[in-house]
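The structure under discussion appears below in the form of structure tokens.
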Amino acid sequence: MSSSPELSTEVAAASTGLREVSRWFGARGWSPFAFQQRAWAAYLRGESGLIHAPTGLGKTLAAWLGPVIEAVDEGGAFGAGVQAGAKRRRPAARAASEPLRVLWLTPLRALANDTLASIESPVRESGLNWSIEKRTGDSSSSLKLRQKERLPTALVTTPESLTLLLSYADSRARFETLRAVVVDEWHELMGTKRGVQTELALARLRGWNPRLRTWGVSATLGNLEQARDVLLGVDNPGALIQGEMAKELRITTVIPKDAERFPWAGHLGIRAVDEVVEEIGREAGTRRAGTSPGAGMSGCLLFTNTRSQAEIWFKRLIEARDDWLGEIAIHHGSLDRSVRDRVERLLDEGRLRCVVCTSSLDLGVDFQPVDRVFQLGSPKGIARLVQRAGRSGHRPGAASAVIGVPTHSFELVEFAAARDAALAGRIESRAPLDRPLDVLAQHLVTCACGGGFEEPALRDEVRRTHAFGSLTDEQWSWAMDFVRRGGRALTAYPEYSRIVRQDDGLWIPASERIARMHRLSIGTITAEPGMTVQYASGRRLGTIEEGFIAWLTPGARFVFAGKVLELVRVRGMSVVVRQAKRRSATVPRWNGGRFPLSSQLARAVREKLDDARRGVFVGPEMQAARPLLRVQQAWSRIPAPEELLVEQIDVPGPEAGGGGSCAVIYPFEGRLVHEGLGALAAYRLSRSRPMTVVATCNDYGFALHTAKPLGLDERAWRGLLSPEGLLDDLLHCLNTTELARRQFRTIARVAGLIVPGFPGQRKGARQLQASSEMFFDVLSEFDPANLLLEQSRREVLEAQLEIGRLRAALERMEGQGVTIVGLDRLTPLAFPIWAEHLRSIQLSSEKWSSMVERMVMKLESAADDRPAARQGRSKRKGPAGYRNVRD
DNA sequence: GACCTGCTGCGGGGTG
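Under my numbering, think of the first position of the first sequence as 242, with each following residue one higher.
Here you go:
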């Protein structure tokens, strides 16, 4: 750290604690930053707040040292604390430390140790009689047992572990002494059910100690003030402390050597392997001075957007440079924790040249040796790109550097747009959740287990959270009824009578068994367990989806964890493998989320395109994209900001070869919205006249494929894309019931309808799905007013279809002029969207006619098309989406 | 000429 302004008088007035802390800084040749001082001052005034700072060390100390200063100031007023004159002495070994004072929440277990380390020395040097511990799921059982007896003075834990602690009967007594809670990486939690769980836990803690101070720490976010308000809850104002430690941010792009021949579509980016290899070799691998051989290498992270892409790229890099074997590693969420831990350790020791990874390394411990980051393919969002860039340059004065690797031509524009937006500070917002009743239901049982609750008091407490600030009496009563007897439909089943009312009015768990089962299912993360991939020796490599393994027979090879494996046998939920001798193998596909291009980035892309339309090409990316954009403009047009472009294209060739007609529309709203828009337009078309319409989409637009040209005029297009009747039509054309049925699985799990089973005896994903579907049907029939059903419909609309964004898109389009361009060839913008259609045709072995039939059926039954399409595809090619990696 | 996808995160009883 460098120098900073003098200590503010406000803080300096405060005292011994501050002197201790200054001494601690001084011993390191540091002086505190202004934002840290502002945070301490606000803390000492008894305030809560949110600290916004882009890097690690500074913000951790800003948040931690407030309580330390306070404790020193109090000089022993608290338990067996610091005595005047006895400060320098270490406390007697057996003396009991002070009771719980500070709680630090981290969304990631991996961050706990780092956090502990960063607070330990100032606390020790202040001579405080504090015990500092962590508690996460992987803590030893003896530690957990001890903490059940008595909590340390400072505890680092996760939201889930905190909730567990709140579920023990004597929780109140153990948390009453708490003075401050710090929530790290709050931007990661806000907008998720984990965040709501955190809000509820904080409300509980504040209920026991109204003077409790809450401090959040957040990365850059479009809605920081709202983030603070959500964290602090209703009517609980607080400060927003802006850190000024912004690091330099460098976003560059690998420009394809032959931009003219660069593909118009695609996502793997394999053709960029050579260029990336060259880039990696350029600086990475340079040894830092004075380090031993094999260590001290500065490496890079290569972020991909999917796990299978990471596997493919890892393989390709090794093939390109076999001398790098052992210096390149792979890291993603389906790899076993032990595998990932090893990679993280090697990276930290500077023994790796490059780690190919997914979002699994977005957060977590900062690795000093990482000096550069690659983003392979679309960054999807500005915050995401900035976050990833921030994984590099963890040294004072070092810049964060990210190198974009486009996988198709328009990603050149995306990287240029993302850089503009990032440097202008236009970062996405995160929307807080509104009243997820499944989380509330879980919380009610937790509170019953945690010493019991009185109904009116808990209701008021819950309403002080942002998430449940507008909870109605009906919703509250429904939630109470749900945990008391399972709602209307499940009264006959005692396991759903989870809480009972004592004579004194206190609600407690119905039995100790209920409480135990509840603790097993605390939390809001509901990922399916998957099948364990392991060697015969028992060594685990990771997990893979049941659907993938179902296609493999013993002897089949697949790529996993950067190895080519051969299936030996499947037993229960584990897949036994051995190293394969041959190299060619399929690559597994995981069914993950499909995150759309963010609104912010989409807007920035539109601006870049508008520049291009006006002949402005600034920067190497736009220069490289120039020929492509020229083609777009020459053949059709580049849509202006207030223009809705419709390309009506007659594609030559037989229908079965992708020929026919397609109309392509470009709202630039991300693929989820386009999926909705495509389905909506197709539905409205087929309603007006009998015809087969197939919709495809990508992040830029959607296409309607028909056998004959649609021949619609502007008025007809306006009708198709009218916001009027949006919800009704969407409910008709997408099988929202089916989507909701699937969404309900998560909700049923969080609300406690489905218990995941005991550790080590997980039910398979299918079993879980089956019982959640059963519940969905039973409730739909016998308890249609069950609010969890409504919630699953709402979650589908909001999370899966982005209904708000969809409506806004339709409204925006209403004000745009429609330009219809007739064409007989695919434009650069249209090609990738059309290719989505072609793909499904080529991969199917079914006859064209039966496919058409199925599509008609699909439109009629308005079914979700994905499972059908997969089955069709797989008949010829094996498992859906699995490709052979060719050597 | 062109393509072939889809992230992350946590927790625990032993009588089930």
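All C-beta atoms in this analysis are idealised placements derived from N, C-alpha and C, irrespective of residue type, glycine included.
Residue i - DSSP class collapsed to helix/strand/coil
i, result
"Met772", "strand"
"Lys949", "coil"
"Phe274", "coil"
"Ala321", "With a pLDDT of only 40 at Ala321, under 50, the local geometry of the prediction cannot be trusted, and the value read off the model is given with reservation. Here Ala321 sits in coil by DSSP."
"Val872", "helix"
"Pro610", "coil"
"Ile740", "strand"
"Gln1083", "Summary for Gln1083: the model assigns pLDDT 47, below 50, so the residue's position carries little reliability, and this model does not support an answer."
"Arg1127", "In this prediction, Arg1127 scores a pLDDT of 34, lower than 50, which makes its location untrustworthy; no coordinate-derived value is stated."
"Lys498", "coil"
"Ala551", "helix"
"Ile623", "helix"
"Val364", "helix"
"Trp505", "coil"
"Gly258", "helix"
"Thr398", "strand"
"Val189", "Residue numbering for the chain in the displayed model covers 242 to 1128; residue 189 lies beyond these limits and cannot be assessed."
"Arg454", "strand"
"His293", "strand"
"Arg632", "coil"
"Leu1100", "Per-residue confidence for Leu1100 stands at a pLDDT of 39, beneath the threshold of 50, marking its modelled position as unreliable; the derived number appears in the next sentence. It is helical."
Distance CB(residue i)-CB(residue j) smaller than 8 Å
i, j, result
"Leu406", "Ser412", "yes"
"Val809", "Pro829", "no"
"Asp675", "Ala720", "no"
"Glu669", "Gly634", "no"
"Ala936", "Gly919", "yes"
"Val397", "Thr356", "yes"
"Gly605", "Leu921", "no"
"Ala866", "Val703", "no"
"Ala395", "Gly307", "no"
"Phe608", "Asp582", "no"
"Arg632", "Val611", "yes"
"Leu1140", "Leu593", "Residue coverage of the chain in this structure runs from 242 to 1128, which leaves residue 1140 outside it and unanswerable."
"Ala353", "Leu490", "no"
"Ile571", "Phe615", "no"
"Leu341", "Arg447", "no"
"Gly1145", "Asp1024", "Because the chain spans 242 through 1128 in this model, residue 1145 falls outside it and cannot be assessed."
Pick from the options that is closest to residue i, judged by C-alpha positions
i, options, result
"Leu462", "Ile496, Asp701, Leu481, Asn477", "Leu481"
"Gly311", "Ser272, Ser256, Ala639", "Looking at the sequence shown, residue 311 is not Gly but Glu. Out of Ser272, Ser256, Ala639, Ser256 has the C-alpha closest to the C-alpha of Glu311."
"Ile995", "Leu1067, Val934, Leu971, Glu769", "Glu769"
"Leu975", "Val914, Arg729, Thr394, Ser929", "Val914"
"Gly484", "Ala421, Leu685, Gly290", "Gly290"
"Phe836", "Leu588, Tyr284, Gly911", "Gly911"
"Val991", "Gln277, Phe858, Arg824, Leu761", "Leu761"
"Gly1130", "Gln889, Ala630, Ala1076, Leu885", "Absent from the structure is residue 1130, since the part of the chain shown begins at 242 and ends at 1128."
Which residues DSSP lists as bridging residue i, in chain order
i, result
"Gly901", "Val892"
"Pro807", "Rather than Pro, the amino acid found at residue 807 in this sequence is Glu. Per DSSP, Arg798, Arg819."
"Leu490", "Ser641"
"Val646", "Leu617"
"Phe943", "Ile906, Cys938"
Local Cβ density within 10 Å of residue i, reported as buried at 16 or more and exposed below that
i, result
"Lys849", "buried"
"Glu261", "buried"
"Thr713", "exposed"
"Leu302", "buried"
"Leu926", "buried"
"Lys300", "buried"
"Pro1069", "buried"
"His434", "In the sequence under discussion, the amino acid at residue 434 is Lys, which differs from the His named in the question. So Lys434 counts as buried."
"Lys389", "exposed"
"Arg548", "buried"
"Ala658", "buried"
"Met1015", "exposed"
"Asp722", "exposed"
"Lys822", "exposed"
"Pro735", "exposed"
"Arg754", "exposed"
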